[in-house]
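Top line first, the protein sequences correspond to chains S and V.
Take 0 as the starting number for the first sequence in numbering that gives the first Met the number 0 and just add one per residue.
Take 0 as the starting number for the second sequence in numbering that gives the first Met the number 0 and just add one per residue.
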Amino acid sequence: MIPELGHFALILALCLAIVQSVFPLVGSLNRTPSWVAMARPLAYGQFVFLAIAFAALVYAFLSDDFSVLYVAQNGNTELPTIYKVSAVWGAHEGSLLLWVFILSAWMIAVAAFTRSLPEVMVARVLSVMGMISIGFLSFLLFTSNPFARIFPAPLQGGELNPLLQDFGLAVHPPMLYMGYVGMSVAFSFAIAALIGGKLDTAWARWSRPWTLVAWMFLSIGIVLGSWWAYYELGWGGWWFWDPVENASFMPWLAGTALVHSLAVTEKRGAFKRWTVLLALLAFSLSLMGTFLVRSGVLTSVHAFASDPARGMFILAFLMIVIGGSLFLYALRAPGISRGGGFGILSRETLLLGNNLLLIVITSLVLLGTLAPLLYDAFDWGKISVGFPWFNSMFVTFTPLMILLMGAAPLTRWKHQDGGELLRQLRLALLISVVAGVIVALPFAAGTWSAGLAVGLSMWLLTTLLTSAWRRLRHRGGIRAIIADFASRGGRSYYGMWFAHLGVAVFVIGVTFVTQFDVEKDVRMSPAQEIVVNGYRFRFDGVSPHEGPNYLAQRGTVHVSRNGREVAVLHPEKRTYKVQTRPMTEAGIDASLFRDIYVSLGEPLDGGDWALRLYYKPMVRWIWLGGLLMAFGGLLAASDPRYRLRMLAKLSGKAAPADPLTAGGQA
Amino acid sequence: MNPVRRKRLILIGLMVAGIAIAVGFALNAFNQNLMFFYAPSEVVAGDAPVDHPFRLGGLVTKGSVQRLPNGLTTRFQVTDMAKTVTVEYTGILPDLFREGQGIVAHGKLNTHGVFIADEVLAKHDENYMPPEVADALMKSKTGKPANGTAGTAP
């Protein structure tokens, strides 16, 4: 009964989506206020029905209702409760339901926090979002119904993929989807503005906080995915240039470009067409990510299904969205006014340079991701693109980007005097070059790439400090800065500050872990000791261990240094009861400056085991950097200037909730 | 042309030129980093490159896995049901590596025709067969390529 209610709610949501995509838009064009006014209630209605559908599926999992096919495939009575909930989005159908549910959450966020915007604009934005919703809801209902029944119902379910039975992976998809789907808001704002033919700085100011929040969620999602891969896949890598990772990385890169380009459009009115294109691109890449992951054209852990009907549906949808939006763009682009001019040396130029670099990187990642598909389609052979290529390409473009990134915050809009800029950057440049050279010298790290990375990170850090120092002097003291930070505008500046600091931290982490990690695959007998990078590892054998739904071989490894015990690690080799596949669970001793990572390979004869003993310096900085970037995004989005008009309107009442936190809870 | 426009044109020209050069390098490197896939029959026939790494895929022959004593080197045979190639790998094999399982290995041929693998992949799904492997198996069975979508074991 409950699953049928869920199914029915999905159908009702689709009906509402159809109405929402037509009436408010038409009403906005032929000036029918009553039709325009329908937008918000329709969005709320859709959210309610999708919430019912989502709750119905959660309920089916919690009550182990194996008469529902999807639950029978992915649920199990022995799953711990948290994984029963996360199993809802553990496979194809449920993850799409999560996708539309999150879309409707973004819709009500838009409906609720845009009271200060013109009604016509809001109506158009919600209409466009309604169209996206139609696409996904019909995809769900016609090709991948999560509520389909199975008869006779099995007594026990097939269980969630053990790899996904993990906290990191329980929260990774919702975060990532918040980011993916959030890009639809920037997209819808762009389309709405194109429909109206009016692209102005107000449009950029309206879509900026939404883009920042979506970008923040995308960052967190990617960080979680990388962290999960590191500790769960059992071989200590944190990024594999796997097509599915690339699928989340490309919208992030385009989103990063968009965030910066929107800043230029808002402040200076320049780059309008470019910004619109980026908004279309970021969401198209999000959709393509969904297509790549869900259609099964790429085979990996993430590709749940390989059903051609689904693939064709998403492909057609993708073509309609991209083709339609580019067509609209082509119609409107000639009418978009030019923005303010700027000199050769100006913040605009530096941001433009960085935008181009980001798009070049995005295109190269796209090439590397799609090339195997193209080669296969044209029968040129079966290829894979080695990840040394991705790495070398990254190492080529990132330093350029960081150079510009350090200078841009100290450069004036419109026109910057070269000599003045050089004076400001002198000290930073000196410190970073000296730091880089020292690190590169033989008695320190002794490699040029480490020197370069440290130099670049120092460059970011020192330029950020210079910029903060200048702001401090300009504002007149630390108290003014704190007041500035806490209440008035300027948060977008501090957001930039933290996000860029995150990049510096990230670069340090990546460099140290790739340059100085020590990885040893060894054969060990019980009681044997092996020293890796000054750490003494003693293997104390393996004993059986029983978990809630798995049996494990649990190893014990004592790690000591200079005679003092550092950690006792328990790497496991698990066999899940239902799916009987082996799973490696690493033993990790984490700290800010290094991780000790031990995982069990396979049993060899005579009680020996193959073990991986890894020393990973500063690997945490990679994710810390990512989180700092996300925090920067949050801070920038919470800049009160995005809410000024709303505050003015509501003055006298209590201050409204922050659009951010509301977006986050929805 | 007014000076502002000219300036902007120079600027854009410089940026485009710089990026074009960098992209040129990237594409060149791209061609060198492509790893082609070969089935055991093609390797035995001598189609596979001798000095360039490539990917080899097929089923692990039953009863062929042999661990060399006192180390982590494993020697096994990979087959497409027509021909077999001997593979040597030093390191820890993936969890799902088993006899009869489809795998893909990255590496190079040595002078004795043994494939020295630096990476062995077996995907995290016991029903999963790497599409290249499924295709190669179909090819050796029927003599012509099977198009495309392979998600399951034969």
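Every residue gets a Cβ at the ideal spot worked out from N, C-alpha and C, and that includes glycine.
The structure presented is a predicted model; accordingly, all values stated were derived computationally and were not measured.
Compute the Euclidean distance between the alpha carbons of Pro333 (chain S) and Gly196 (chain S), then round it to the nearest angstrom. 10 Å
State the beta-bridge partners of Ile1 (chain S) as determined by DSSP. Looking at the DSSP assignment, Ile1 (chain S) forms no beta bridge with any residue, so it has no partner.
Between which two residues does the alpha helix (DSSP H) holding Phe100 (chain S) run? 91-111
For Phe396 (chain S), which residues in chain V fall below 9 Å Cβ to Cβ? Ala21, Ala25
Please name the residue, chosen from S:Ala152, S:Arg470, S:Asn561, that lies closest to Tyr69 (chain S) on a Cα-to-Cα basis. S:Ala152
Does DSSP classify Met311 (chain S) as helix, strand or coil? helix
How big is the Cα-Cα spacing for Met137 (chain V) and Phe35 (chain V)? 18 Å
Could you work out which residue in S:Asp165, S:Phe146, S:Val99 is closest to Phe135 (chain S) when comparing CA atoms only? S:Val99
From Leu162 (chain S) to Glu231 (chain S), what distance separates their C-alpha atoms? 7 Å
Where the alpha helix (DSSP H) containing Ala192 (chain S) begins and where it ends: 166-195
Residues of chain V with a CB under 9 Å from the CB of Val359 (chain S): which are they? Ile18, Ala21, Val22, Ala25
Taking its Cβ as the centre, do 16 or more other Cβ atoms sit within 10 Å of Trp202 (chain S), making it buried, or is it exposed? buried
Residues sharing a beta bridge with Asp588 (chain S), DSSP: S:Ile595
Using 8 Å as the limit for Cβ to Cβ distance, is Tyr587 (chain S) near chain V? It is Ile, not Tyr, that sits at residue 587 (chain S) in the sequence shown. No, Ile587 (chain S) does not count as interfacial toward chain V.
In three-state terms, what does DSSP make of Phe316 (chain S)? helix
Distance CB(Pro39 (chain V))-CB(Thr78 (chain V)) smaller than 8 Å: yes
Could you tell me whether the Cβ of Lys6 (chain V) comes closer than 8 Å to any Cβ of chain S? yes
Cβ neighbour criterion (16 or more within 10 Å) applied to Ser542 (chain S): exposed
Grouping DSSP H, G and I as helix and E and B as strand, with all else coil, what is His111 (chain V)? coil
Pick from S:Ala636, S:Ile587, S:Ala585, S:Phe186: whose alpha carbon is nearest that of Gly489 (chain S)? S:Ala636
How is Gly268 (chain S) classed by DSSP in three states: helix, strand or coil? coil
Which residues does DSSP list as the beta-bridge partners of Tyr203 (chain V)? The displayed coordinates of chain V run from 0 to 153. Any statement about residue 203 (chain V) would go beyond what the structure contains.
Since Ala499 (chain S) is in the alpha helix (DSSP H), which residue starts that stretch and which ends it? Inspection of the sequence shows that residue 499 (chain S) is occupied by His rather than by Ala. Note, His499 (chain S): alpha helix (DSSP H), 490-515.
Opening and closing residue of the beta strand (DSSP E) in which Gly56 (chain V) lies: 53-59
Flag this pair as yes or no: are the beta carbons of Arg580 (chain S) and Leu95 (chain V) separated by less than 8 Å? yes
Cutoff 8 Å: Phe36 (chain V) Cβ touching any chain S Cβ: yes
With DSSP run on the structure shown, which of helix, strand or coil describes Leu10 (chain V)? helix
Who are the near neighbours of Ala281 (chain S) in its chain, counting only those whose CB is closer than 6 Å to its CB and skipping five residues on each side? Met182, Pro250, Ala253, Gly254, Leu257
Going straight from the alpha carbon of Leu120 (chain V) to that of Trp622 (chain S), what length do you get? 26 Å
Can you give me the Cβ contacts of Leu403 (chain S) inside the same chain, cut-off strictly under 7 Å, excluding the 5 residues immediately before and after it? Leu349, Gly352, Asn353
So what's Met582 (chain S) in DSSP terms, helix, strand or just coil? strand
Determine the DSSP secondary structure at Thr31 (chain S), reduced to helix, strand or coil. coil
Members of the region 325-359 of chain S that neighbour chain V once the beta carbon cut-off is set at 8 Å: Gly340, Gly342, Ile343, Thr348, Leu351, Gly352, Leu355, Leu356, Val359
Whose Cβ in chain V lies nearer than 8 Å to the Cβ of Thr264 (chain S)? Those do not exist, as Thr264 (chain S) stays about 17 Å from chain V at its closest Cβ, beyond 8 Å.
In the DSSP assignment, find the unbroken beta strand (DSSP E) run with Trp237 (chain S) in it and report its ends. Note, Trp237 (chain S): premise wrong, no beta strand (DSSP E); not H, not E.
CA-to-CA distance, Gly89 (chain S) to His569 (chain S), given in whole angstroms: 27 Å
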